[in-house]
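Going by this note's numbering, the sequence shown opens with residue 1037, and the numbers climb by one from there. Where a beta carbon is used, it is the ideal one built from N, C-alpha and C, also for glycine. None of the values given here were measured: they were computed from a predicted structure.
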Amino acid sequence: LSESNYLIGTTDGYYTINIDGLVFNNYKVYLTTISTNKQNKSLHSVATETKGEFSSTENNINFAFTVPEYNKYIIAEFQYLLEGVQNEWSEWNSKSSINFKNLNDEINLNPGDYTFKVRAKMGSSLSQNIESYSFTILKPWYATNLAIAIYTLLFLILVYFINKAYKKHYSKQQEKLIEENNRLLEI
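Now the structure itself:
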């Protein structure tokens, strides 16, 4: 019809579209929920505003994110990156959540520091922000610095007592040899 008005025919009739009336907003992506769980236990939510600190058994982490746009013709796609595990962004996907499991062979969340990042794309325009969440998975109790110090102390005590037992054993053996030599000299 004109440079900005188009006529589109359908089986129900026709539509006229004015492309000057199309407005593309600056979209923002938001982390809506973060939840963790131990294996075979129920999920519990975590605050998204503060840095997370999880025990070594709580290393199944689920992130849910969204772009608040309610136009049914514009589908949001997401990419995510878990720094500390991945080096590149994931493929674009319309799924609005991701679960990182300890049982996954590709992504095993070992103790350490991680940052989860997510960005969105609406049509061809990228979101104006990258939402991120930093968290730490703690070492299990048997691998903490205190536990290693106790293991080292116990090992040193064990070495000390073994050394003491060997000295006692060899000094008794030496006394027996001296006694035996003295008896032989008396004869």
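query: Nearest-angstrom Cα separation, counted from I1173 out to S1092; result: 6 Å
query: Whole-angstrom distance between F1114 and E1039, CA atom to CA atom; result: 33 Å
query: Cβ contact (3+ pairs, closer than 8 Å) linking the stretch 1195-1210 and the stretch 1178-1185; result: no
query: Buried or exposed by the 16-neighbour rule on C-beta atoms within 10 Å, applied to N1041; result: exposed
query: Local conformation of N1140 per DSSP, three classes; result: Per-residue confidence for N1140 stands at a pLDDT of 38, beneath the threshold of 50, marking its modelled position as unreliable; no derived number is given.
query: One or two residues paired with S1092 in a DSSP bridge; result: The partner list for S1092 (beta bridge, DSSP) is empty, contrary to what the question assumes.
query: Range of the contiguous beta strand (DSSP E) that encloses T1072; result: 1066-1073
query: Within 9 Å, strictly: CB atoms of A1083 and I1097; result: no
query: Residues near L1079 in its chain [Cβ-Cβ closer than 8 Å; skip 5 each side]; result: S1071, T1072, N1073, N1098
query: Coarse secondary structure for L1043, derived from DSSP in three states; result: strand
query: Classification of F1191 by the beta-carbon crowding that lies within 10 angstroms, buried from 16 upward; result: exposed
query: First through last residue of the alpha helix (DSSP H) which encompasses K1203; result: 1181-1222
query: Residue from I1110, K1137, L1117, P1147 with nearest C-alpha to S1130; result: I1110
query: Limits of the unbroken beta strand (DSSP E) element including E1113; result: 1112-1119
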